[in-house]
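Asks: Before I ask anything, here is the structure I am working with.
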Amino acid sequence: MLDIRHLRENLEEVEKRLATRCESTNLADFKVLDEERRGLLKEVEKLKERRNKISDEIGGLKREGQDVSNLLIETKSLATRIKELDGMVSEKKDALRRLMLTTPNLPHPSVPTGMDSSENVELRTWGEIRDFTFEPKEHSEIGSHLGIIDLERAGKIAGARFALYMGAGAAMERGLMNLMLDLHTSEDRYIELLPPFMVHRECMLGTGQLPKFEEDLFKIEGWEHFLIPTAEVPVTNIHREEIIREEDLPLSYTAYTPCFRKEAGSHGKDVKGLIRQHQFNKVELVKFTTPDTSYDELEKLTADAERVLQVLGLPYRVVTLCTGDLGFAAAKTYDLEVWVPSQGKYREISSCSNFDDFQARRANIRYRPRGGGKPRFVHTLNGSGLAVGRTVVAILENYQQEDGSVLIPDALRKYMRGMEKIGKD
RNA sequence: GGAGAGGUGGCCGAGUGGUUGAAGGCAGCUGCCUGCUAAGCAGUUGUAGGGGUAAACUCUACCGAGGGUUCGAAUCCCUCCCUCUCCGCCA
Numbered sequence: 431m432l433d434i435r436h437l438r439e440n441l442e443e444v445e446k447r448l449a450t451r452c453e454s455t456n457l458a459d460f461k462v463l464d465e466e467r468r469g470l471l472k473e474v475e476k477l478k479e480r481r482n483k484i485s486d487e488i489g490g491l492k493r494e495g496q497d498v499s500n501l502l503i504e505t506k507s508l509a510t511r512i513k514e515l516d517g518m519v520s521e522k523k524d525a526l527r528r529l530m531l532t533t534p535n536l537p538h539p540s541v542p543t544g545m546d547s548s549e550n551v552e553l554r555t556w557g558e559i560r561d562f563t564f565e566p567k568e569h570s571e572i573g574s575h576l577g578i579i580d581l582e583r584a585g586k587i588a589g590a591r592f593a594l595y596m597g598a599g600a601a602m603e604r605g606l607m608n609l610m611l612d613l614h615t616s617e618d619r620y621i622e623l624l625p626p627f628m629v630h631r632e633c634m635l636g637t638g639q640l641p642k643f644e645e646d647l648f649k650i651e652g653w654e655h656f657l658i659p660t661a662e663v664p665v666t667n668i669h670r671e672e673i674i675r676e677e678d679l680p681l682s683y684t685a686y687t688p689c690f691r692k693e694a695g696s697h698g699k700d701v702k703g704l705i706r707q708h709q710f711n712k713v714e715l716v717k718f719t720t721p722d723t724s725y726d727e728l729e730k731l732t733a734d735a736e737r738v739l740q741v742l743g744l745p746y747r748v749v750t751l752c753t754g755d756l757g758f759a760a761a762k763t764y765d766l767e768v769w770v771p772s773q774g775k776y777r778e779i780s781s782c783s784n785f786d787d788f789q790a791r792r793a794n795i796r797y798r799p800r801g802g803g804k805p806r807f808v809h810t811l812n813g814s815g816l817a818v819g820r821t822v823v824a825i826l827e828n829y830q831q832e833d834g835s836v837l838i839p840d841a842l843r844k845y846m847r848g849m850e851k852i853g854k855d
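So for the first sequence, the working numbering puts the first residue at 431; every next one is plus one.
Structural data, given as structure tokens:
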């Protein structure tokens with residue numbers, strides 16, 4: 431959510447910056463609603479002041495045993511009018527809140543302007559793209575050939591866009607999760623969490639999935655709970671409605687969770703294989719910082735996610751998302767894209783964002799400045815470190831051998847009982 | 001699932017219809033005192049939204065959430081949420 435005062439005072443500038451997202455926003459209504467609301471508020475507060483004064487008087491007079499009936503006449507009609515106006519105020523307030531909740535975040539000034547993903551800007555690349563002496567196979571083919579990924583049986587159990595890992599495949603997925611968590615928690619960089627995989631509505635509002643993107647979420651029938659689409663949701667919300675001491679910032683958390691997404695509207699995209707699933711595993715990084723350090727922390731967080739790819743020896747590049755490709759709540763995002771040989775291109779494996787105070791304002795997460803003073807909103811950040819299924823994709827494809835086997839990256843071996851290679855048996 | 005208890009400010013905790021934004025304590029801050037520390041004394045400290053060029057100031061709201069009763073609600077009524085204890089069930 432944007433700062434309502436800032437919005438009120440800089441409406442045109444805000445509109446201009448939001449327009450770079452290439453999404454329609456409806457700020458014309460804002461001005462009207464805001465003014466109507468404040469007008470009504472002024473009126474009703476005046477009446478309330480009067481009512482409170484009279485009520486005080488009545489109290490005093492009654493104690494002295496005096497008659498108050500003529501005061502009751504005025505105050506009774508006041509009460510009716512107040513009720514009426516209160517209703518109108520809350521209508522305006524609700525409409526305003528709905529508008530605010532569906533308005534996306536302002537892109538940071540450093541974000542390149544562009545229409546869509548084609549205008550994202552490559553920042554740097556890492557690692558050598560392997561020169562294959564044979565035609566590299568696609569990961570699901572490698573996986574099914576080796577008997578470690580069975581998408582057909584997964585379909586039998588749960589349908590399309592689900593996966594069944596077996597044997598060394600399951601071990602690789604689990605090993606990667608452990609490797610990532612160990613890496614992030616080493617030297618106390620991140621505190622490890624294991625949160626609930628379901629959350630209630632307020633959490634989804636807090637991080638921005640709701641009210642706008644309900645169709646992307648799985649809701650539990652008969653409950654007010656949703657399956658989390660990312661650990662960002664439960665982890666960011668652990669400090670909802672809290673005031674953190676500045677001395678305790680930045681707070682850094684890492685958590686493994688499965689993620690559940692409907693992937694509505696992505697029919698036909700990545701239908702083959704593990705790239706786009708309704709359920710996938712991810713290790714997430716989340717930070718809470720002060721406003722003046724959040725962009726430094728974004729760099730660090732991105733570097734922490736990159737480290738996983740480096741440790742695994744997977745070539746990747748870092749891109750800055752342009753304004754048109756930026757997510758609803760993000761002010762700035764770096765995507766990490768890993769090299770996928772079968773497609774001959776880089777594919778997203780991590781997305782690292784600074785949300786400024788957008789989520790903090792929704793979720794009411796604040797900090798008390800050093801030495802006292804009014805609480806201020808924190809900045810929240812998060813990034814994947816990494817999407818585990820896509821990491822498996824990258825390993826299978828980049829480490830595949832001509833005979834159909836797959837070498838296991840050095841760093842991962844100790845997480846797979848020392849296995850060096852996955853072959854047929 | 002059954003029975004009971006409870007949710008009050010940064011924390012603990014009083015408060016069953018009017019002078020309570022809320023006693024008291026802790027913690028914080030500011031002074032005084034003090035060789036230092038500790039202690040002591042006095043004062044002070046919530047959040048949000050309006051009004052005000054800003055400060056001062058001022059108004060409104062907030063005692064888990066939402067409704068209701070009333071001239072007036074932390075206090076009475078209803079619904080919901082959460083926590084705790086006991087019993088049952090269960091990985």
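All C-beta atoms in this analysis are idealised placements derived from N, C-alpha and C, irrespective of residue type, glycine included. Bear in mind that the values here come from a model prediction, so they are computed numbers and not experimental data.
1. Quick one: Cα of Arg800 to Cα of Asp726, how far?
2. Taking C-alpha atoms, which residue in Asp497, Ser499, Tyr829 lies nearest to Lys745?
3. Determine the direct distance from the alpha carbon of Lys844 to that of Gln740, and round the result to whole angstroms.
4. Just the Cα atoms here: how many angstroms apart are Gly754 and Ile838?
5. Would you mind stating whether Met602 and Val822 have Cβ atoms separated by less than 8 Å?
6. Looking at Leu715 and Tyr620, is the spacing between their C-beta atoms short of 8 Å?
7. Taking Cys752 and Gly544 to be in contact with their CB atoms under 8 Å, please state how far apart those CB atoms are, rounded to whole angstroms.
8. When the Cα atoms are used, what is the spatial distance from His575 to Gly834?
9. Tell me the residue span of the alpha helix (DSSP H) that contains Lys775.
10. Can you tell which of Leu609, Pro659, Leu623, Glu622 has its C-alpha closest to the C-alpha of His630?
11. Compare the C-alpha of Val541 against each of Arg467, Pro688, Arg451, Thr666 and name the closest.
12. Would you call Glu622 buried or exposed, if buried means 16 or more other Cβ atoms sit within 10 Å of its Cβ?
13. From Ala790, Leu766, Cys633, pick the residue whose C-alpha is nearest to that of Gly815; which is it?
14. Provide the residue span of the beta strand (DSSP E) that contains Tyr746, from first to last.
15. Could you name the residues of the same chain whose beta carbon sits closer than 6 Å to that of Leu902, not counting the 5 residues immediately before and after it, in chain order?
16. So Ala685 is in the beta strand (DSSP E); what residue range does that whole segment cover?
17. Using only CA atoms, which one of Leu457, Val462, Lys513, Arg493 lies nearest to Arg481?
18. Thinking just about the alpha-carbon of each residue, which of Ala525, Gln496, Ala598 is nearest to the one in Asp464?
19. Could you give the uninterrupted runs of the alpha helix (DSSP H) lying entirely in the segment 599-648, keeping only those of 4 residues or more?
20. Identify the continuous alpha helix (DSSP H) that holds Tyr797 and give its terminal residues.
21. Comparing C-alpha positions only, which one of Val665, Ala760, Gly605 sits nearest to Ile848?
22. Where do the N-terminal and C-terminal ends of the alpha helix (DSSP H) with Tyr725 fall, by residue?
23. Taking all protein chains shown into account, decide if Gly813 is buried (16 or more other Cβ within 10 angstroms of its Cβ) or exposed.
24. Three-state secondary structure (DSSP) at Gln496?
25. For Leu876, is the classification buried or exposed, using 16 other Cβ atoms within 10 angstroms of its Cβ as the cut-off for buried?
26. Could I get the ranges of all uninterrupted alpha helix (DSSP H) runs contained in the segment 497-535, with 4 residues as the minimum, in chain order?
27. Give a yes or no on whether the C-beta atoms belonging to Ala735 and Cys782 are separated by under 8 Å.
28. Which residue's Cα is closest to the Cα of Ala824: Gly743, Ile852, Arg806?
29. Classify Gln707 as buried or exposed, calling it buried when 16 or more other Cβ atoms lie within 10 Å of its own Cβ.
30. Which first and last residues belong to the alpha helix (DSSP H) in which His575 is found?
31. Does DSSP put Ser814 in a helix, a strand or coil?
32. Does the segment 575-593 come close enough to the segment 607-615 to have 3 or more Cβ pairs within less than 8 Å?
33. Looking only at C-alpha atoms, which of Phe807, Leu756, Gly774 sits nearest to Glu453?
Replies: For this structure:
1. If you take the alpha carbons of Arg800 and Asp726, they lie about 20 Å apart.
2. With the sequence shown as reference, residue 745 is identified as Pro, and Lys is not the correct amino acid for it. The candidate whose alpha carbon is nearest that of Pro745 is Tyr829.
3. 17 Å
4. Rounded to the nearest angstrom, the two C-alpha atoms are 38 Å apart.
5. Contact check for Met602 against Val822 passes: the beta carbons are separated by less than 8 Å.
6. The Cβ atoms of Tyr620 and Leu715 sit closer than 8 Å to each other.
7. 3 Å
8. 8 Å
9. Lys775 -> not in any alpha helix (DSSP H); beta strand (DSSP E) instead, spanning 775-784.
10. Pro659
11. Per the Cα distances, Arg451.
12. exposed
13. Leu766
14. 746-750
15. No answer is possible for residue 902: the residues shown for the chain start at 431 and end at 855.
16. 681-690
17. Lys513
18. Just measuring C-alpha positions, the residue of Ala525, Gln496, Ala598 sitting nearest Asp464 is Ala525.
19. 631-637
20. Careful: Tyr797 lies outside any alpha helix (DSSP H), inside the beta strand (DSSP E) at 795-798.
21. Rather than Ile, the amino acid found at residue 848 in this sequence is Gly. Out of Val665, Ala760, Gly605, Gly605 has the C-alpha closest to the C-alpha of Gly848.
22. 724-741
23. buried
24. coil
25. Lying before the first or after the last residue shown, residue 876 is absent from the chain, which here runs from 431 to 855.
26. 499-531
27. yes
28. Taking each of Gly743, Ile852, Arg806 in turn and checking the Cα distance to Ala824, the smallest one comes out for Gly743.
29. buried
30. 569-576
31. strand
32. no
33. Leu756
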